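Below: one structure, written as structure tokens.
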Amino acid sequence: MEIQLDQSSSPFNLEHTLRCGQLFRWEKMGDWWYGIVGEKVVKIRQINDRLVFQAFPEKVYANFVENYFRLDDDLPFILSRIGEDKHVRRAIRCFGGLRISRQDPWECLISYICATYKNIPAIKNMILNLSKRFGRKITFNSHHFYTFPKPSDLAHASLEEIKGCKLGFRAVSVLEASKIIDRGEFRLEDLRKMDYEKAKHELLSLPGVGQKVADCVLLFSLDKLEAFPVDVWMKRVILDFYPDYFEDSFVERVVGKSSITPGEYETIGSFGRRYFGEYAGYAQEYLFLLSRSQGENMNI
DNA sequence: ACATCCCCTTAGCC
DNA sequence: AGGCTAAGGGGAT
Numbered sequence: 102m103e104i105q106l107d108q109s110s111s112p113f114n115l116e117h118t119l120r121c122g123q124l125f126r127w128e129k130m131g132d133w134w135y136g137i138v139g140e141k142v143v144k145i146r147q148i149n150d151r152l153v154f155q156a157f158p159e160k161v162y163a164n165f166v167e168n169y170f171r172l173d174d175d176l177p178f179i180l181s182r183i184g185e186d187k188h189v190r191r192a193i194r195c196f197g198g199l200r201i202s203r204q205d206p207w208e209c210l211i212s213y214i215c216a217t218y219k220n221i222p223a224i225k226n227m228i229l230n231l232s233k234r235f236g237r238k239i240t241f242n243s244h245h246f247y248t249f250p251k252p253s254d255l256a257h258a259s260l261e262e263i264k265g266c267k268l269g270f271r272a273v274s275v276l277e278a279s280k281i282i283d284r285g286e287f288r289l290e291d292l293r294k295m296d297y298e299k300a301k302h303e304l305l306s307l308p309g310v311g312q313k314v315a316d317c318v319l320l321f322s323l324d325k326l327e328a329f330p331v332d333v334w335m336k337r338v339i340l341d342f343y344p345d346y347f348e349d350s351f352v353e354r355v356v357g358k359s360s361i362t363p364g365e366y367e368t369i370g371s372f373g374r375r376y377f378g379e380y381a382g383y384a385q386e387y388l389f390l391l392s393r394s395q396g397e398n399m400n401i
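Just so you know, the working numbering puts 138 at position 37 of the first sequence, and the rest follows in order with no gaps.
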């Protein structure tokens, strides 16, 4: 199957989208990207304006790919809004066509609980371990892939089994959150129809979910494009590019710290939403990629 | 080689 | 209330 893109009305860059650190389940082999999405392996490549894809064991159609990569977002409009800022405009020139993905909320939640205080290669490794141990094996093009475990798979695992996937202290949060989701006490899909603030408040009640994890889940899986995740990279970028929007004492206090308090997180996050508007999450992704590429430490 | 720091932070303690 | 600290283990320097 393939999708014909119109780069002027609907720009898309597969490479930037898969390399920007929002997704942990994609790997490039030769000219093709292979990813595990739900119960399927998806193989995809972009050749100029063509997106060519194939899935196994079940087929997927254009609407599946369009939904996953949010090709329904009006990207030219979004970029014109956030691109009023000169730093974001520079990021857009470098990484135009980057899109936020629409992930499965359950997988996204567990992935970002695992992401706590970890670098991206290590996060990928933990998720692969969980999937090998608790997911389903799919062999395609003579490569082995493993689907992401379902809530009941993790909820009924022992703490030791989950720790065996190299999750460290995150294992307790992953197990407890899985039990809550599996028992039906927390319905992730219900968050989609709530506003950003309410949905975030709900997510914060889950173990292992702080503001950063909540914002990532809301942005990458629940259509809250105003979510503005603040990690150490984003803290640096914001204080570096926009110091005049904060009190001098705030900048002085926060700039040298490797971690930030919940209050400081809120200050930076609400600046992002106020300054960039309803598509703050898109601005965050462009700035995130820019900050990481500048240091040349693209350990993604 | 090898030590040391860092990591898309959270939660528990005081 | 808010500052301090511990918590896997792998990657980067």
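All residues carry an ideal CB built from backbone N, CA and C; glycine is no exception. Nothing here was measured: the structure is a model prediction, and the numbers come from that model.
Going by C-alpha positions, K141 is about 10 Å away from K238.
The shortest C-alpha to C-alpha distance from S110 to any of L176, I228 and L210 is the one to L176.
Here V352 has L340 and P344 as same chain residues with Cβ atoms under 8 Å from its own Cβ, once five neighbours each way along the sequence are excluded. In terms of Cβ geometry, Y247 and S232 form a close pair [threshold 8 Å].
In the DSSP assignment, the residues bridged to Q147 are L152. Contact between the segment 318-338 and the segment 298-306 is present: three or more C-beta pairs spanning the two stretches fall below 8 Å. In the three-state reduction of the DSSP assignment, K129 falls in the strand class.
According to the DSSP assignment, T368 belongs to no beta strand (DSSP E) but to the alpha helix (DSSP H) extending over P363 to F377. Residues M227, N230, L231 and R234 of the same chain have their beta carbon placed closer than 7 Å to that of C266, with the five preceding and five following residues left out of the count. Judged by pairs of C-beta atoms under 8 Å, the segment 176-185 does not touch the segment 250-265, as fewer than three such pairs exist. Contact annotation: H117 and F178 have beta-carbon atoms that are not nearer than 8 Å. Within the segment 189-274, the complete alpha helix (DSSP H) segments at least 4 residues long are 206-215, 221-235, 252-256 and 260-264, listed from N- to C-terminus.
Beta-bridge partners assigned by DSSP to I137: V142. For E290, the closest alpha carbon among the candidates P158, P112 and L210 is that of L210.
Around the CB of Q147, 16 or more other CB atoms lie within 10 Å, so the residue is classed as buried. In terms of Cβ geometry, V166 and L388 do not form a close pair [threshold 8 Å]. With respect to the 8 Å criterion, F342 and G370 are not classified as neighbours on the basis of their beta carbons. Selection N242, V273, A216 and E159 evaluated against W134 yields N242 as nearest (Cα-Cα). Proximity of the segment 150-168 to the segment 119-131 falls short of the contact definition, fewer than three beta-carbon pairs being nearer than 8 Å. Ranked by Cα distance from W127, the first of S392, D332, K144 and C215 is K144.
With respect to A278, L307 sits close: the two C-beta atoms are nearer than 8 Å.
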